[in-house]
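**Student:**
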Amino acid sequence: MSSVAPLPARRPLAEVAVALPVGGTFHYLAPPPLDARLAIGHRVLVPFGRRQVTGYVVGFPESAEVDGLKAIAALLDDGDPLVPPALLDLLRWVADYYLAPLGEVCRTALPGGLAPASSRRLVLTPEGLAAARALETEGGPDTAEARLLRRLAASADGLLHRSALAGAGRSGKRALSALRRRGLVALAERVGGDRAKPRRETIVRLAGPLDEPALARLGRRAPKRAAVLRFLRERGPTPLPALRAAFGEVAPIVRALVDSGQVATEEVEIGRRVDWGLGAAGGGDAPAVLTRAQSEALTVLRAALASQTFAPFLLHGVTGSGKTEVYIRLVEAALAAGRGAIVLVPEISLTPQLVGRFTRRLGDRVAVLHSGLSDGERLDEWRRVRRGEAPVVVGARSAVFAPVEPLGVIVVDEEQEGSFKQDDGVRYHARDVAQVRARQAGAVCLLGSATPSLESWARATQRVEGASPLGYLRLPERVEARPLPVVEVVDLRRKLGEAAPRARAAEPPSPVSPALEQALAETLAERRQALLFLNRRGYATFLLCPDCGTRFGCESCAVSLVYHRAERALRCHYCGASRPAPAVCPKCGGTQVLQFGAGTERIEEWLRARFPGARLARLDRDVVGPRGAVRDVLKEVAAGEVDVLVGTQMVAKGHDFAGVTLVGVLLAESGLSLPDFRAAERTVQLLTQVAGRAGRGDAPGRVIVQSYDPDHPAIRFAAAHDADGFYAVELEARRELGYPPFRRLVNLRVDAPSEAAARRAAGWLAARAAARLAADSSLAGQVEVVGPAPAPLARLRGRHRWQLLLKGRGSAAVRRVAAALAAEARQPAGLSRGAMLSIDVDPANLL
2 MSSVAPLPAR RPLAEVAVAL PVGGTFHYLA PPPLDARLAI GHRVLVPFGR
52 RQVTGYVVGF PESAEVDGLK AIAALLDDGD PLVPPALLDL LRWVADYYLA
102 PLGEVCRTAL PGGLAPASSR RLVLTPEGLA AARALETEGG PDTAEARLLR
152 RLAASADGLL HRSALAGAGR SGKRALSALR RRGLVALAER VGGDRAKPRR
202 ETIVRLAGPL DEPALARLGR RAPKRAAVLR FLRERGPTPL PALRAAFGEV
252 APIVRALVDS GQVATEEVEI GRRVDWGLGA AGGGDAPAVL TRAQSEALTV
302 LRAALASQTF APFLLHGVTG SGKTEVYIRL VEAALAAGRG AIVLVPEISL
352 TPQLVGRFTR RLGDRVAVLH SGLSDGERLD EWRRVRRGEA PVVVGARSAV
402 FAPVEPLGVI VVDEEQEGSF KQDDGVRYHA RDVAQVRARQ AGAVCLLGSA
452 TPSLESWARA TQRVEGASPL GYLRLPERVE ARPLPVVEVV DLRRKLGEAA
502 PRARAAEPPS PVSPALEQAL AETLAERRQA LLFLNRRGYA TFLLCPDCGT
552 RFGCESCAVS LVYHRAERAL RCHYCGASRP APAVCPKCGG TQVLQFGAGT
602 ERIEEWLRAR FPGARLARLD RDVVGPRGAV RDVLKEVAAG EVDVLVGTQM
652 VAKGHDFAGV TLVGVLLAES GLSLPDFRAA ERTVQLLTQV AGRAGRGDAP
702 GRVIVQSYDP DHPAIRFAAA HDADGFYAVE LEARRELGYP PFRRLVNLRV
752 DAPSEAAARR AAGWLAARAA ARLAADSSLA GQVEVVGPAP APLARLRGRH
802 RWQLLLKGRG SAAVRRVAAA LAAEARQPAG LSRGAMLSID VDPANLL
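The working numbering puts the first residue of the sequence shown at 2, with every later residue one more than the last.
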């Protein structure tokens, strides 16, 4: 007796999170046959307002609270959902913790190419089509309305909304409004496929054994067909492009052979692989013998991995202590146990050596996920991970969401880096999300750094109320017992006084001190390599007219424009605005516009003039435009083809060059003036990291730090390689001031077209916060409101910014207040028109 398979359960309602910056989820009808195919995590196309948008199915409710529900328009995924249940649990946590819309979080977690391209088009209604035909046959006045009707009638599929009005001005907009009111024109949403699709290729193979006599007869009648058959017999299944390369245009021949049954074709997916070209740029492979500290750390980590329970650790190792080798061996242990791994790096384009080390040791089992890839490349890498072909992912921030299953290890390298925090859209911190994901998966989470964030260091070494502890692993020495570099601090204050007369005469002083200049000469004479670090791009920091005091600033942002000499242009490093550099002051006509401050472009010019025979390279955002430019520069340095590398923080971390023996820091205190409570911490971290580039080979290293504030604790502690001393002092300061790790922060920023509107909106927000704290006794003493006040960067991209800072003793209380304020701001009586609110939970900076 045959059994009958049960029918799939009907799910007439679906809960959908739309990929828009709107709160909550929405209910939709799931019409047959979609109701039987839908699963949680599927992408769907749903009507939303007057358009169709991408959404993600997150549940199947029993009932809806409203009538007149709209129906799901289409299912966008074939087969399994793109968001598996385990990952959806993580995304729900991200949405809840960072007060972000769940649909936006889902979109953030998937490759960028997995987003249907949509456009709003103008189309003629039946009445509009009749009116257009009447114009053709009967004529009429040449009005803007008539011209638009004629254009639409001549268009095969309607006109893009924006292109139809391009150049039409107000008359065109009025004409469109009039035609829509009369019912002659409508807006239609046109949704295409995903922006990126898997690359597919046609493979041609023999359908069966060849009969030699028949092949000989075919050769007399159709010699090219016979040649193709013999080629396939010799080579086996062959891609169509390879056949085309051998025989020219071969498609008609293949079709004829398919029709005769002699060959068969199939479409296969061909992954786009990224050629990192890392062989020469990669650091050394595994040391023959691990240091004692490395072995002890790995013993602890492997035991934690074997327990299959969540285990978070901080690996605090000095620069050059072999942290990467610990990462690789831990990942190898996870693979041996049948589990995968995710390795997060701050910016993968700046750390090709780490990628190279992993790919050389683990081969094709490694996938790379990074926004620098094309949509197609990133999609193909993601699909390899999803299919289980690449159980190890190395990537930047968003790789924390990679579909690695089962997950055994997450490594966060340089965990202190601010680039792990998304500063727009969904403002998540990948380091913290990594720990939550590891907890959900029962995995090991390893945070690694030579200069940990103060929060992580405190969790690992101190008892901080409300903070979960981290296991603490220390690598106190460099591999092969190499010494840390000797650091010398050069006081520039006297040099500044001597340079004042020259500045008044428009003669900029030398950016390099005599001590550093002599050290450079000695290093080049010894045929060693040097690295000069200045965290400022361009040629001059700003231009100023000495006659009237005009300082050339950006019209859209509250910052000075930076002079780029190669382009003879002033550029804003925030909004990208650019204009020609003036020879004459536009305000007073003064002809002596002075240049102040130095950037990497000027340092490179000084080096070429002072050491004309030296081979130089520069690495900053201005020279890394072409894809692969960073990799090429680093390969040249690793191969000894560069004598002096000058750059911004791009050269400060993640690089392992055995030939670099001298590091020069040109303006050590440049970050200390920023109005942010983490300024000193970041300065210590950056100086320690860049100093660590010296002396990683056989020869000892030397570091010269130039500073106008050499007595600042951040510079003194960094020069002494005493990060622990700095952390102890800074921790007490944070305790007194009420900053992390002793308080949790949420930054509420309001931006508006005018300063008055931003100030009013921030004032309204502050009043609502005070009222809420007064009305809820459970928040008494738990949450403090600081502000409102103008943001340190008070104008950005033409919008004025004010902010309100919430400080809380616990995360739940401060986020509860922020969520309530966000809900009030969305109400009709909320923020004033034109004002926008952004919420940053656990902000990485307050600029």
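Backbone N, C-alpha and C fix where the C-beta goes; we use that ideal spot for every residue, glycine too.
With a 10 Å radius around its C-beta and 16 neighbouring C-beta atoms as the bar for buried, classify L738 as buried or exposed.
**Tutor:** Residue numbering aside, residue 738 sits at position 737 when the sequence shown is read from its first letter. Exposure of L738 is indicated by the presence of fewer than 16 other C-beta atoms within 10 angstroms of its C-beta.
**Student:** What is the DSSP secondary structure of F1, counted as helix, strand or coil?
**Tutor:** With the chain running from 2 to 848 in the structure shown, residue 1 is simply not present.
**Student:** Within 10 Å of its beta-carbon, does P242 have 16 or more other beta-carbons around it, so buried, or fewer, so exposed?
**Tutor:** Position 241 of the sequence shown, counted from the start, is the residue given in the question as residue 242. Answer is exposed; the Cβ neighbour count stays below 16.
**Student:** Would you please state the rounded distance, in angstroms, between the beta carbons of F543 and R537? I believe it to be under 8 Å.
**Tutor:** Here residue 543 is taken as the residue at index 542 of the sequence shown, counted from 1. Here residue 537 is taken as the residue at index 536 of the sequence shown, counted from 1. With a Cβ gap of about 11 Å, F543 and R537 do not count as contacting.
**Student:** For V5, which three-state DSSP category applies?
**Tutor:** Counting from one through the sequence shown, the residue named residue 5 turns up at place 4. Residue placement at V5 is flagged as unreliable, the pLDDT there being 42, under the threshold of 50; a coordinate-derived value is accordingly withheld.
**Student:** What does DSSP give as the partner residues of W803 in its beta bridges?
**Tutor:** Position 802 of the sequence shown, counted from the start, is the residue given in the question as residue 803. According to DSSP, W803 bridges with V751 and P791.
**Student:** Determine the contact status of A850 and R619, defining contact as a CB-CB distance below 8 Å.
**Tutor:** Nothing in the structure corresponds to residue 850, since the chain is present only between 2 and 848.
**Student:** According to the neighbour-count rule (16 or more other Cβ atoms, all chains shown, within 10 Å of its Cβ), is V290 buried or exposed?
**Tutor:** Counting from one through the sequence shown, the residue named residue 290 turns up at place 289. V290 comes out exposed.
**Student:** Given this structure, state the Cα-to-Cα distance separating P127 from A630, to the nearest angstrom.
**Tutor:** Taking the first residue of the sequence shown as position 1, residue 127 is located at position 126. Taking the first residue of the sequence shown as position 1, residue 630 is located at position 629. Computed Cα separation, rounded: 55 Å.
**Student:** Got a sec? Which residues, its chain only, sit under 6 Å from G60 by beta carbon, not counting five neighbours each side?
**Tutor:** Taking the sequence shown and counting its residues from 1, one reaches residue 60 at position 59. Around G60: E16.
**Student:** Ends of the beta strand (DSSP E) at I411?
**Tutor:** The residue you call residue 411 lines up with position 410 of the sequence shown. Note, I411: beta strand (DSSP E), L408 to D414.
**Student:** If I measure Cβ to Cβ from L663 and keep anything under 6 Å in the same chain, skipping five residues before and after, which residues do I get?
**Tutor:** Along the sequence shown, one-based indexing puts residue 663 at 662. The answer, listed in chain order, is A520, T524, A531 and R703.
**Student:** Along the chain, where does the alpha helix (DSSP H) that runs through L91 open and close?
**Tutor:** By 1-based counting over the sequence shown, the position of residue 91 is 90. Run containing L91: P86 to Y98, per the alpha helix (DSSP H) assignment.
**Student:** Going by DSSP, what residue range makes up the alpha helix (DSSP H) through E523?
**Tutor:** Position 522 of the sequence shown, counted from the first residue, corresponds to residue 523. Counting along the chain, the alpha helix (DSSP H) containing E523 begins and ends at P515 to A526.
**Student:** Please list the terminal residues of the continuous beta strand (DSSP E) segment that includes D492.
**Tutor:** One-based indexing of the sequence shown puts residue 492 at position 491. D492 -> beta strand (DSSP E) spans V487 to D492.
**Student:** Please classify T462: is it buried, with 16 or more other beta-carbons within 10 angstroms of its beta-carbon, or exposed?
**Tutor:** Within the sequence shown, residue 462 is the residue found at index 461, counting from 1. Flag for T462 reads buried.
**Student:** Taking the alpha carbon of R134 as the point to measure from, which residue in A87, L185 and H574 has its own alpha carbon closest?
**Tutor:** The residue labelled residue 134 in the question sits at position 133 within the sequence shown. Among A87, L185 and H574, the Cα nearest to that of R134 belongs to L185.
**Student:** Among C546, R428 and G641, which one has its Cα closest to the Cα of A615?
**Tutor:** For the purposes of this step, residue 615 is identified with residue 614 of the sequence shown, where counting begins at 1. Selected option, being the one with the closest Cα: G641.
**Student:** Pairing CB atoms from the region 705 to 721 with CB atoms from the region 667 to 677, are three or more of them under 8 Å?
**Tutor:** Taking a cut-off of 8 Å for Cβ pairs, the region 705 to 721 and the region 667 to 677 touch, as three or more such pairs fall below it.
**Student:** Using the Cα positions of T841 and G782, report the straight-line distance between them to the nearest angstrom.
**Tutor:** Along the sequence shown, one-based indexing puts residue 841 at 840. Along the sequence shown, one-based indexing puts residue 782 at 781. The residue asked about is misnamed: residue 841 is Asp in this sequence, not Thr. Near 22 Å, if we compare the C-alpha coordinates of G782 and D841.
**Student:** If distances are taken between C-alpha atoms only, which option among V58, Y429 and R226 comes closest to D81?
**Tutor:** Locating residue 81 in the sequence shown gives position 80, where the first residue counts as 1. The closest CA to that of D81, considering only V58, Y429 and R226, is found on V58.
**Student:** Look at the Cβ atom of L746, then the Cβ atom of L822, and state whether they are nearer than 8 Å.
**Tutor:** Indexing the sequence shown from 1 puts residue 746 at position 745. Indexing the sequence shown from 1 puts residue 822 at position 821. Judged by their CB atoms, L746 and L822 are not nearer to each other than the 8 Å cut-off.
**Student:** Using the three-state DSSP reduction, which class does L374 fall into: helix, strand or coil?
**Tutor:** Indexing the sequence shown from 1 puts residue 374 at position 373. Here L374 sits in coil by DSSP.
**Student:** Confirm, please, whether the CB-CB distance from E415 to P347 is below 8 Å.
**Tutor:** Start at 1 with the first residue of the sequence shown, and residue 347 comes out as number 346. Start at 1 with the first residue of the sequence shown, and residue 415 comes out as number 414. Against a cut-off of 8 Å, the Cβ pair of E415 and P347 comes out as a contact.
**Student:** Roughly how many whole angstroms lie between the Cα atoms of E139 and G50?
**Tutor:** Reading the sequence shown from its first residue, position 138 is the one you call residue 139. Reading the sequence shown from its first residue, position 49 is the one you call residue 50. Taking the straight line joining both Cα atoms gives about 38 Å.
**Student:** What are the boundary residues of the alpha helix (DSSP H) that G308 is part of?
**Tutor:** Taking the sequence shown and counting its residues from 1, one reaches residue 308 at position 307. It is worth fixing the name first, because residue 308 is Ser in this sequence and not Gly. From DSSP, the alpha helix (DSSP H) with S308 extends over R293 to S308.
**Student:** Give me the Cα-Cα distance between Q804 and G104, rounded to the nearest whole angstrom.
**Tutor:** On the sequence shown, residue 804 is found 803 positions in, with the first residue counted as 1. On the sequence shown, residue 104 is found 103 positions in, with the first residue counted as 1. Cα to Cα, the separation comes out at about 26 Å.
**Student:** State the Cα-Cα distance for the pair T109 and R182, rounded to the nearest angstrom.
**Tutor:** Counting from 1 along the sequence shown, the entry for residue 109 is found at position 108. Counting from 1 along the sequence shown, the entry for residue 182 is found at position 181. The straight-line gap from Cα to Cα measures roughly 38 Å.
**Student:** Should P240 be listed as close to the ligand MG, given that the test is whether its C-beta is under 7 Å from any heavy atom?
**Tutor:** Of the ligands one can find in the structure shown there are none, so the ligand MG has no counterpart to examine.
**Student:** CB-CB under 7 Å to A507, same chain, minus the five flanking residues each way: which ones, in chain order?
**Tutor:** For the purposes of this step, residue 507 is taken as the residue at position 506 of the sequence shown. Only weak support exists for where A507 lies, its pLDDT of 46 falling under 50; the value from the coordinates is given anyway. Same-chain partners within the cutoff: Q593 and L595.
**Student:** Please classify C589 as buried or exposed, where buried requires at least 16 other C-beta atoms within 10 Å of its C-beta.
**Tutor:** In the sequence shown, counting from the first residue as 1, residue 589 sits at position 588. C589 should be labelled exposed.
**Student:** Count the C-beta pairs between the region 383 to 393 and the region 312 to 322 that are closer than 8 Å, then say yes if the count reaches three, no if not.
**Tutor:** no
**Student:** Would E478 and S322 qualify as a contact pair, given that the criterion is a beta-carbon distance under 8 Å?
**Tutor:** On the sequence shown, position 477 is the one that residue 478 refers to. On the sequence shown, position 321 is the one that residue 322 refers to. Cβ atoms of E478 and S322: closer than 8 Å.
**Student:** Applying the criterion that 16 or more other CB atoms from any shown protein chain within 10 Å of the CB defines a buried residue, is G472 buried or exposed?
**Tutor:** What you label residue 472 is simply residue 471 of the sequence shown in a count that begins at 1. It counts as buried.
**Student:** Per DSSP, which one or two residues make a beta bridge with C446?
**Tutor:** By 1-based counting over the sequence shown, the position of residue 446 is 445. Answer by DSSP bridge pairing, in chain order: P313 and I411.
**Student:** Mapping the DSSP letters down to three states, classify E270 as helix, strand or coil.
**Tutor:** For the purposes of this step, residue 270 is taken as residue 269 along the sequence shown, with counting starting at 1. Reduced to three states, the DSSP call for E270 is strand.
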